[in-house]
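Student: Dropping a structure here in structure tokens format, bear with me for questions.
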Amino acid sequence: MPNKRILVLGGTSDANVLAKELLKAGHHVVTSFAGVTENPVLPEGEIRIGGFGGEDGLFDYLKTGEFAALADATHPFAAQIARHGVNAAARAGLPYLRLERAAWTPLPADNWISVPTTEAAVAVFPDAARVFLTIGRKEIAAFLAREDLGGVARMIEKLPFEPPSRWALVLARAPFSVEAERELLVQHKITHLVTKNAGGKLTVAKLIAARGLRIPVVMIARPPKPPAQTFGSAPALVAALA
Numbered sequence: 000m001p002n003k004r005i006l007v008l009g010g011t012s013d014a015n016v017l018a019k020e021l022l023k024a025g026h027h028v029v030t031s032f033a034g035v036t037e038n039p040v041l042p043e044g045e046i047r048i049g050g051f052g053g054e055d056g057l058f059d060y061l062k063t064g065e066f067a068a069l070a071d072a073t074h075p076f077a078a079q080i081a082r083h084g085v086n087a088a089a090r091a092g093l094p095y096l097r098l099e100r101a102a103w104t105p106l107p108a109d110n111w112i113s114v115p116t117t118e119a120a121v122a123v124f125p126d127a128a129r130v131f132l133t134i135g136r137k138e139i140a141a142f143l144a145r146e147d148l149g150g151v152a153r154m155i156e157k158l159p160f161e162p163p164s165r166w167a168l169v170l171a172r173a174p175f176s177v178e179a180e181r182e183l184l185v186q187h188k189i190t191h192l193v194t195k196n197a198g199g200k201l202t203v204a205k206l207i208a209a210r211g212l213r214i215p216v217v218m219i220a221r222p223p224k225p226p227a228q229t230f231g232s233a234p235a236l237v238a239a240l241a
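In this text, residue positions in the sequence shown follow numbering that gives the first Met the number 0: the first is 0, and each later residue adds one.
Below, the structure is given as structure tokens:
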């Protein structure tokens with residue numbers, strides 16, 4: 000399927016790699032961003048920024064854009080766009096291919112507290128826990144609302160409001176080193192790390208640092224997604240298109 004128009008649902012480092020690989024294979028690539036990040040790292044190829052307006056809007060865009068396939072390389076926790084993508088591609092008669100990195104798995108030295116949702120994570124901390132919160136900015140309100148919790152919240156862009164004084168806000172983009180993560184954990188007297196099971200190498204350093212310091216990790220499980228042909232690497236997905 001060379002020289003075909005491929006729509007990539009992006010917003011991740013994996014999507015940027017995929018766009019590059021698709022272009023190398025001779026495809027015309029349009030990478031779509033939801034537009035929630037002010038300064039995203041843009042891939043090579045054509046860029047589209049903004050929502051589609053749900054499944055119907057995505058279906059219309061696929062048809063009018065004369066695409067040959069839809070490649071979903073969004074975040075492992077982007078369940079809604081995955082549902083829209085599977086359904087819209089099926090309606091348009093197009094292949095839907097998912098690029099999704101493998102989830103992290105605990106090692107024997109890890110102390111993971113596995114929870115199914117962000118809401119469940121809020122309830123597992125003991126009183127006065129010092130938390131390193133690394134789940135982005137959309138779902139942290141419940142953590143900030145617990146008056147006995149404090150610590151560090153790290154995200155790419157700042158909150159639209161001032162966090163309580165017991166929380167330090169760190170604005171930073173991956174990758175991070177193990178040494179820097181360890182220093183942060185020690186400096187802020189962190190007792191618990193909370194993160195989503197995003198997988199990948201860019202942010203795994205915090206898990207390594209927590210393991211070395213014997214800090215428990217509250218690990219939020221990935222949400223369910225519709226079944227789909229899924230690939231663990233960009234080259235594998237590109238090869239499947241061929």
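Even glycine gets a Cβ: it sits at the ideal position worked out from N, Cα and C. Keep in mind the model is a prediction, meaning the values are calculated, not measured.
How is the alpha helix (DSSP H) around Gly211 delimited, first residue to last?
Tutor: If you look at Gly211, you'll find it in the alpha helix (DSSP H) that goes 204 to 212.
Student: In the DSSP assignment, find the alpha helix (DSSP H) that holds Arg90 and state where it starts and stops.
Tutor: That run of the alpha helix (DSSP H) goes 78 to 91.
Student: So if DSSP puts Val216 in a beta bridge, which residue, or which two residues, is it bridged to?
Tutor: Trp111, Leu192
Student: Tell me whether the beta-carbon of Glu246 lies closer than 8 Å to the beta-carbon of Leu168.
Tutor: There is no way to answer for residue 246, as the model of the chain reaches only from 0 to 241.
Student: Given Thr190, which residues of its chain have a CB within under 6 Å of its CB, disregarding the five upstream and five downstream residues?
Tutor: Ala128, Arg129
Student: On the criterion of 16 or more Cβ atoms from any shown chain inside 10 Å, does Thr11 qualify as buried, or is it exposed?
Tutor: buried
Student: Beta-carbon within less than 8 Å of Pro174's beta-carbon, same chain only, minus the 5 sequence neighbours each way: which residues are those?
Tutor: Lys200, Leu201, Thr202, Ala204
Student: Looking only at its chain, what residues have a beta carbon closer than 7 Å to the beta carbon of Asp109, apart from the 5 residues adjacent to it on each side?
Tutor: Arg210, Val216
Student: Please classify Ser176: is it buried, with 16 or more other beta-carbons within 10 angstroms of its beta-carbon, or exposed?
Tutor: So Ser176 ends up on the exposed side.
Student: Do you know how far the Cα of Phe124 is from the Cα of Glu182?
Tutor: Computed Cα separation, rounded: 22 Å.
Student: Work out the CA separation of Leu206 and Ala72 for me, nearest whole Å.
Tutor: Near 23 Å, if we compare the C-alpha coordinates of Leu206 and Ala72.
Student: Thinking Thr30 and Ile46 are a contact (beta carbons under 8 Å), I'd like their distance in whole angstroms, please.
Tutor: 6 Å
Student: For Thr116, which of Glu65, Phe32, Phe76 has the nearest alpha-carbon?
Tutor: With respect to the C-alpha of Thr116, the residue from Glu65, Phe32, Phe76 having the closest C-alpha is Phe76.
Student: According to DSSP, Gln228 sits in a beta bridge with which residue or residues?
Tutor: Leu96
Student: Between which two residues does the alpha helix (DSSP H) harbouring Asp13 extend?
Tutor: 12 to 23
Student: Can you give me the C-alpha to C-alpha distance between Gly150 and Leu143, rounded to a whole angstrom?
Tutor: 10 Å
Student: Would Phe58 and Arg90 be called neighbours here (beta carbons separated by less than 8 Å)?
Tutor: A contact, by the Cβ cut-off of 8 Å.
Student: Based on the DSSP output, what are the partners of Leu69 in its beta bridges?
Tutor: Under DSSP, the beta-bridge partners assigned to Leu69 are Leu6, Tyr95.
Student: Rounded to whole angstroms, what is the Cα-Cα separation between Leu106 and Phe66?
Tutor: 42 Å
Student: Who pairs with Ala102 in a beta bridge, going by DSSP?
Tutor: In the DSSP output, where bridge partners are listed per residue, Ala102 has none listed.
Student: Specify the secondary structure class of Met0 as computed by DSSP and reduced to three states.
Tutor: Because the pLDDT of Met0 is 49, which lies under 50, any placement of that residue in the model is unreliable, and the number read from its coordinates should be weighed accordingly. When secondary structure is reduced to three states using DSSP, Met0 falls in the coil class, being assigned neither helix nor strand.
Student: Applying the 10 Å Cβ sphere with the 16-neighbour rule, what's the burial state of Lys188?
Tutor: exposed
Student: When we look at the beta-carbon of Val40 and count the other beta-carbons within 10 Å, is it buried (16 or more) or exposed?
Tutor: Label assigned to Val40: exposed.
Student: Based on the DSSP secondary-structure assignment, which residues constitute the bridge partners of Ala152?
Tutor: Leu132, Leu168
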